[in-house]
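Here the protein sequences line up with chains E and U, keeping their order.
Quick note on my numbering: the first sequence kicks off at -5 and runs consecutively.
Quick note on my numbering: the second sequence kicks off at -5 and runs consecutively.
Note that CB positions come from ideal geometry on N, CA and C, so glycine has one too.
Data first, discussion second: the structure below is written as structure tokens.
Number of protein chains: 2
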Amino acid sequence: MLTAERHFIILQVLKEQGNATVHELSEATGASISTIRRDLVQLEELDKLKRVHGGATQYRTKWTEPSLNEKSSQNLTEKTSIATYAASLIEDGDCIFLDAGTTTQKVAEQLRGKNLIAVTNGYQVVETLLANGITTYLIGGKLKPNTGAMIGGKALEGISTYRFDKSFIGINGIHESFGYTTADPEEAIMKKTAIDLSKESYIVADHSKIGETAFSKVAELHECTIITSHFTEPNLDKISEQTTVEVVKL
Amino acid sequence: MLTAERHFIILQVLKEQGNATVHELSEATGASISTIRRDLVQLEELDKLKRVHGGATQYRTKWTEPSLNEKSSQNLTEKTSIATYAASLIEDGDCIFLDAGTTTQKVAEQLRGKNLIAVTNGYQVVETLLANGITTYLIGGKLKPNTGAMIGGKALEGISTYRFDKSFIGINGIHESFGYTTADPEEAIMKKTAIDLSKESYIVADHSKIGETAFSKVAELHECTIITSHFTEPNLDKISEQTTVEVVKL
DNA sequence: CATAAATCAATCATTTTTGTTCAAATAAAT
DNA sequence: ATTTATTTGAACAAAAATGATTGATTTATG
């Protein structure tokens, strides 16, 4: 195992959980406690993390901070599974839109080596895309501080100059009669626009979003294909009558 | 097996997985460890990869890990001084443009609590701006992978919809007869446009840039005010005949 | 506050990787 | 065919990284 690889894993774990014990990291990397400790010292030198008694935590900016929901590894594997399936849909030469959000960021992680053009309005997604060597376009506009998403008139104007083969949209609620909904009206408009500009649109959402509703309507169910997991959700039947639902295994 | 062929395979593997051990590469190419090692040395000379203990990694980690560069940089205090002075020029309610780059990022760090609107084409600068609670607009466009700067037609279009009170531009060369120059022609156009859109433009550059020239012309000396340090630079006299030069103390 | 448990920094022996040298193998030139 | 470069693989000592151990330090618990 390469040192750089270990460092990457450590930072990855930290990004996902927010903090980690030396033992956890030792197990995750297969390296000894001593080595992990040395790694943590090095990474702290580089301001990549903060060392605490027993392990390390990440310096978190507002939107990096994982919610309680995201911290559970159950949820994490679910998102990864969904993202892996979503990425498998992308073909060579595709021009795709990746919405801002943690699930779509997971999709970006799965794109390494693929030949495609990605457009995103999510500031965090950019980092992942570039790190994986993807040709990346960012939509301009006003930045929403807490989520790092581009919103507002400029952003709408910006996205309208593109056309997409496929778009991958994150969402807060999927409801049989209210359709797709999200919290912020400005973000809702962006999502809706992206869907309209795409040949095919996919909603990537973990099972907790099914049956929920949020403040702002984005689109009707039939406008997108849903990629999710857990088909035991009671409401999924009525939803799958209205649109295609791809259920991935965990 | 041809040498060029091996090099291609090595870079291919690196592109796919981001890093590789010497053993992996030996296996992938069929060549011996010694040969791989020699290959890696050569490829590193050409800036095609970064050699690490045990193997090699991609070279694009450069801007993903700015903390590494900044820490090792001797010009750190110089840049901070320059940035502090630059930030002091900004008044309440100003609308400013911050170029992509490490020095301008330092400027962003000095803006905490100020009441202003910031526009930037630098992806890394965004994080700093948001962390300091600044209303931030990002210009859209294609992302240049190694610097994280927005370039291209879309970016030009994007920046042209703004007007700035002050702009702060990073630069590679300041020369008495060649003016301001930078490496990438696309970035040069962006900088020039920003300058044209601003009431006042400031070049923020440490002393190492004075007397240097790079590939692409950005603007004439008189178009901007220079903020730098070390007025002992021999070429500074002739430069200061043509434009205002603010020399900050360290 | 005192004790026990856990974690830490420092050190050392071991393993792995590296740079270098040298001879064999291969390619190019006469 | 013979000589001359160039490349390759192997050998080996020096350097770096690793894992285990120890005593000191910190944190938790009664």
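Inset, instruction - Answer yes or no: does any C-beta atom of chain U fall closer than 7 Å to that of residue 5 of chain E? - result: no
Inset, instruction - Using the DSSP secondary-structure output, state which residues sit across from residue 47 of chain E in a beta bridge. - result: Bridge partners of residue 47 of chain E according to DSSP: none are assigned.
Legend entry - Inter-residue CB distance, residue 128 of chain E and residue 153 of chain E (contact presumed, cutoff 8 Å): Actually they are not in contact, since the Cβ atoms of residue 128 of chain E and residue 153 of chain E sit about 18 Å apart, beyond 8 Å.
Legend entry - Opening and closing residue of the alpha helix (DSSP H) in which residue 85 of chain U lies: Counting along the chain, residue 85 of chain U falls outside any alpha helix (DSSP H), and DSSP gives it neither H nor E.
Inset, instruction - For residue 19 of chain U, decide whether its Cβ has a neighbour in chain E, counting only Cβ atoms nearer than 7 Å. - result: no
Legend entry - Beta-carbon neighbours of residue 139 of chain E, restricted to chain U and to distances below 7 Å: 124
Legend entry - Bounding residues of the alpha helix (DSSP H) (the contiguous stretch that carries residue 169 of chain U): Looking at the DSSP string, residue 169 of chain U is not in any alpha helix (DSSP H); the run it does join, the beta strand (DSSP E), is 167 to 169.
Inset, instruction - Answer with buried or exposed for residue 245 of chain U, where buried requires no fewer than 16 other C-beta atoms within 10 angstroms of its C-beta. - result: Summary: the structure shown does not reach residue 245 of chain U, with chain U confined to residues -5 through 244, and so no result is reported for it.
Legend entry - Nearest to residue 190 of chain U (by Cα), restricted to the options U:-2, U:160, U:101, U:116: Comparing Cα positions, the closest option is U:160.
Legend entry - Residues near residue 126 of chain U in its chain [Cβ-Cβ closer than 6 Å; skip 5 each side]: 105, 106
Legend entry - 7 Å CB neighbourhood of residue 2 of chain E in its chain, flanking five on each side removed: none
Inset, instruction - Just the C-alpha distance for residue 230 of chain U and residue 74 of chain U, rounded to the nearest angstrom, thanks. - result: 20 Å
Inset, instruction - Starting from residue 137 of chain U, follow the beta strand (DSSP E) in both directions and report where the run begins and ends. - result: 135 to 138
Legend entry - Contact list for residue 242 of chain U against chain E, beta-carbon separation under 9 Å: Those within 9 Å of residue 242 of chain U in chain E number zero; the least Cβ separation is about 25 Å.
Inset, instruction - Give the straight-line distance between the Cα atoms of residue 171 of chain U and residue 88 of chain U, rounded to the nearest whole angstrom. - result: 32 Å
Inset, instruction - Put residue 231 of chain U into one of helix, strand or coil per three-state DSSP. - result: helix
Inset, instruction - Return helix, strand or coil for residue 61 of chain U, following the three-state DSSP convention. - result: Confidence at residue 61 of chain U is low in this model, with a pLDDT of 37, below 50, so the placement of that residue should be treated as unreliable; the coordinate-derived value is given next. Here residue 61 of chain U sits in helix by DSSP.
Inset, instruction - Just grab the DSSP bridge partners of residue 143 of chain U for me. - result: U:116, U:138
Legend entry - Below-7 Å beta-carbon distance, residue 27 of chain U vs any chain E residue: It does not; no Cβ of chain E falls within 7 Å.
Legend entry - Where the segment 77 to 102 of chain E meets chain U: residues whose CB sits under 9 Å from a CB there: Listed by position along the chain: nothing, the set is empty.
Inset, instruction - Classify residue 214 of chain E as helix, strand or coil using the three-state DSSP reduction. - result: coil
Inset, instruction - Under 8 Å by Cβ, that's how I've got residue 177 of chain E and residue 212 of chain E pegged, so tell me the actual separation to the nearest angstrom. - result: Rounded, the Cβ-Cβ distance is 11 Å, inconsistent with contact.
Inset, instruction - Taking residue 216 of chain U and residue 237 of chain U to be in contact with their CB atoms under 8 Å, please state how far apart those CB atoms are, rounded to whole angstroms. - result: Between residue 216 of chain U and residue 237 of chain U the beta-carbon gap is near 5 Å, inside 8 Å, which marks them as a contact.
Inset, instruction - Measure the alpha-carbon distance for residue 123 of chain U versus residue 31 of chain U and round it to whole angstroms. - result: 43 Å
Legend entry - Where residue 30 of chain E falls: helix, strand or coil (DSSP): helix
Inset, instruction - Identify whether residue 102 of chain U lies in helix, strand or coil by the three-state DSSP scheme. - result: helix
Inset, instruction - Assign residue 56 of chain U to one of three DSSP states: helix, strand, or coil. - result: A caution first: residue 56 of chain U carries a pLDDT of 38, below 50, which makes its placement in the model unreliable, though a value can still be read off. Note: residue 56 of chain U maps to helix in three-state DSSP.
Inset, instruction - On a CA-only basis, which of U:12, U:-5, U:81, U:146 is nearest residue 98 of chain U? Give me that one, please. - result: U:81
Inset, instruction - Would you list the one or two residues that DSSP bridges to residue 240 of chain U? - result: U:221
Inset, instruction - Go through its chain and collect everything with a Cβ distance to residue 138 of chain E's Cβ below 8 Å, but skip five positions before and after it. - result: 144, 145, 178, 180, 181
Inset, instruction - With a threshold of 16 other CB atoms inside 10 Å of the CB of residue 235 of chain E, please say whether the residue is buried or exposed. - result: Around the beta carbon of residue 235 of chain E, fewer than 16 other beta carbons lie within 10 angstroms, which makes this residue exposed.
Inset, instruction - Measure the C-alpha to C-alpha separation of residue 66 of chain U and residue 38 of chain E and round it to an integer number of angstroms. - result: Confidence at residue 66 of chain U is low in this model, with a pLDDT of 37, below 50, so its placement is unreliable and the value that follows should be read with caution. Approximately 14 Å between the Cα atoms of the pair.
Legend entry - Contacts of residue 47 of chain U in chain E (Cβ-Cβ under 7 Å): -3
Inset, instruction - Measure from the alpha carbon of residue 186 of chain U to the alpha carbon of each residue in U:48, U:210, U:202, then state which is nearest. - result: U:210
Inset, instruction - With 7 Å as the threshold, decide whether the Cβ of residue 60 of chain U is near any Cβ in chain E. - result: With a pLDDT of 37 at residue 60 of chain U, under the threshold of 50, the modelled position of this residue cannot be trusted; read the value that follows with caution. So no, residue 60 of chain U is outside the interface.
Legend entry - Which residues DSSP lists as bridging residue 131 of chain E, in chain order: E:113, U:136
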